[in-house]
Every structure is written in structure tokens, then in C-alpha cells.
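K.L.:
Offset between the sequence shown (1-based) and our numbering: plus 31.
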Amino acid sequence: MKKVTQFFWFCSGANFNLLKKAPTDGNKYFGIGGTIFFTGLLATISAGYALMTVFQSIWYAIGFGIIWGLMIFNLDRFIVSSMRKRAKSWSEWKMAIPRLIMAIILALVISKPLELKIFEREINRKLDEKKSEMIAQSKESLKNGFTEIDALEGQKDSLRSELRNAVGYRDRLQQEYDYERFGTKTDGTSGIIGLGSNAKKKEQQLDAAQQNLDLLNQTYQEKIDLLEQEIQRYVALREAEFTKIQPNIDGFDGMAARIDALSVLTQESQAMKMANLMIILLFVAVETAPIFVKLISLRGPYDDLLDLAEKGVEVYANEQTVKLVKQSEWRQRAFSG
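Here is the structure:
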């Protein structure tokens, strides 16, 4: 327990020897040191997660996360240890304002990656929606860039339309021929049963239409096959272009994308907005707590001993300065005499 206490005293930036002489202030600096330590720990976790999304490597994330956490820990320790309890409270608050601003900035920096982790599932869903939208936009853009496919499809549809018309014409002649043979009366048939002159004429027209259809089928099918091959070639080129773009879309989950997704989510949901705000305020409270503790706490024995120690150093420095000046003056007189 003694080592734990000394460790947190170290974290608070307090002087061990002076704190031992002021045991009533020990718990206060124990709490301040604990807050600073756990703030640094949270900063390490936060930076580790943030850097994991950047480097996609656990070792880089751990290494840089520890460095970042130590930097935040050292900065917090310096901010708190540099504050002094003076007789005038207003001067203390005035000196604390820059430190509070710095603490709030640190709280915002530390909290953001942890916010992203807390709302990770919701952010992932929003990123999936964004990726789907980007895929659709990319395909539409590529479709507009390969207008040859639409032109070739148009030619193919035109050929098939002509074939359908030829089939329809053949089928109509077949029907008229059947009506003429079986004596069905229509505007185009005589209504006489049997293979008369009209039936033979219809048969000749039907044979000619069938021959023309067979010729069109052979000729147009070759053209359609060639068009299909050309279309497939352009489709392959388009797919190749999309394949180049797809990794960028699949990799759309970096820090900036997640922050943007969180911003959209907080705009869409009032509950998420309030939850996000509460998390930020919590980190601000934790980061500024040691400073406020020093500001609102009464001046204790440790502060008196610290002032006394600093005053002793100041008096000793002044004495040594006067002594050196006197010795210099004496040497100058002795040299000139």
C-alpha cells in the first residue's frame, strides 16, 4: 500500500519528503495522482483504438498508444504540479484559466476515439449504408462513361425487333393460309374450303415469308452474337474499372469517415446526441477534476511547507549572490591596490 501511495503521489507531482511532513494532505494528493494516472490510461486506450483504425496493426497501435498516454500523463502532471495555492484566490483562478482550457482540449481529444468505440455498431451500419451509396454512384458513373454498351444494346434490340416483326408477319400469313384452306371467312380470305387459287397464293406468300425469316435468323443471329461479344468486352472493361475503385470503397472506414458517420448519427438521433454529449462532459470533468480540486481545496500544511522550501532556496540564492558580489568587489580592490 505504501508503494501505491507513493506512486500516486508521484503522479500528482507532489514532493514526497514534504508530504510525509503533512500527512493530512496525503489523501488529497493521492486522489489527484490517481485521477491523473487513470486519465493517462484512458488516453492510452483511446489513442490505441484510434491508431488501430489508421495502421491496422496491433503493435503500432500499442506502441504509439503508450507513447501518447505517457505524453498526456506527463502534461497533466505538469499542469497540476505547476499550480500553487496562494493567499489571493482570484489570482489562482486567473492562472488556472489557461490550464483549464488546455485540460478541456485534452479531454476532447481523448474522448473522441472512445466515443467512436462506444458507438461502433451504429457507426458500422452507417458506414455500410454509405458504402452501398458509393457503390451505386460509382456504377452509375461508370455506366455513363461506357455509352458504347447502350449503343450496342440498342443495335441488338433493333435486330431482334426486326426478327420479331418477321416472325409476326410469317405467323399472320400462316393464319391466313389456314383460314383459306378451312374456309374461314375474313377480310383477307375467300371463305371457300380447299386448296384453291387463293390458298395456293397464300401458300406461296407463306413460303416466301418463311424463307425470308430463315435468312434473317441466320444473318441477324450472327450480327447479334458479334454484338454480344462486343458488349461483353465493354462490360469486362467496366468491371475492371470498378474493381480498381472497390478497394477504396471497402476501405472507407478510417478515422475521418467514422467521425463523419458519428456526426450524421447525432444529427439524426436526439438520444445519440445527448449520449455523445454526456460522454464528452464526463471526460471534461475527469480531465479538469485535479485542477478544480486544487482550486477549491483549502490551503494546507503541504502548501506552507512548499512555500517555505521555495523561500529557503530563494533566500539561499540571494545570500550566495551577495556573497559572490562582495568577493568580486574585494578581489577588484586588491588587484587595483
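All C-beta atoms, glycine included, are put in the ideal place defined by N, C-alpha and C.
Counting Cβ pairs closer than 8 Å, one from the stretch 95-103 and one from the stretch 289-308, do we hit at least three?
P.N.:
Touching, no, given that fewer than three Cβ pairs across the two stretches are closer than 8 Å.
K.L.:
Could you spell out the range, first to last residue, of the alpha helix (DSSP H) harbouring Q87?
P.N.:
Segment: none, Q87 is in no alpha helix (DSSP H) and carries neither H nor E.
K.L.:
Exposed or buried, which one is P144 when buried takes at least 16 other CB atoms within 10 Å?
P.N.:
P144 is buried by the Cβ-count criterion.
K.L.:
Give me, in chain order, the residues of the same chain whose beta-carbon lies closer than 8 Å to that of A307; leave out the 5 immediate sequence neighbours on both sides.
P.N.:
The amino acid at residue 307 is misidentified as Ala; the sequence shows Asn. Closer than 8 Å at Cβ, skipping near neighbours: E146, F150, L293, T297.
K.L.:
Less than 8 Å between the beta carbons of T319 and I135, yes or no?
P.N.:
Yes, Cβ-Cβ distance for T319 and I135 is below 8 Å.
K.L.:
Return the residue from the list N279, A81, V353, K254 that minimises the CA-CA distance to A193.
P.N.:
First, the amino acid is wrong: residue 193 is Glu here, not Ala. Considering only alpha carbons, the answer is K254.
K.L.:
What is the C-beta distance between A138 and V324, in whole angstroms, given that I count them as a contact (C-beta under 8 Å)?
P.N.:
Not confirmed; about 16 Å, so no contact.
K.L.:
What is the DSSP secondary structure of A53, reduced to helix, strand or coil?
P.N.:
Correct three-state label for A53: coil.
K.L.:
Note down, one range per segment and in chain order, each alpha helix (DSSP H) of at least 4 residues found wholly within the stretch 255-313.
P.N.:
Complete alpha helix (DSSP H) runs here, min 4: 286-299.
K.L.:
Rounding to the nearest angstrom, what Cα-Cα distance links T178 and E261 in this structure?
P.N.:
Approximately 13 Å, taken between the alpha carbons.
K.L.:
Taking just the CA atoms, how far does S328 sit from D338?
P.N.:
Each residue's alpha carbon lies about 17 Å from the other.
K.L.:
Looking only at C-alpha atoms, which of R130, V295, L258 sits nearest to A182?
P.N.:
A182 has its Cα closest to that of L258, out of R130, V295, L258.
K.L.:
Does the stretch 104-115 come close enough to the stretch 37-46 to have 3 or more Cβ pairs within less than 8 Å?
P.N.:
The stretch 104-115 is in contact with the stretch 37-46.
K.L.:
Taking only runs that begin and end inside the stretch 313-353, name each unbroken alpha helix (DSSP H) of 4 or more residues, in chain order.
P.N.:
If we require 4 residues or more, the stretch 313-353 turns out to have no alpha helix (DSSP H) run fully inside it.
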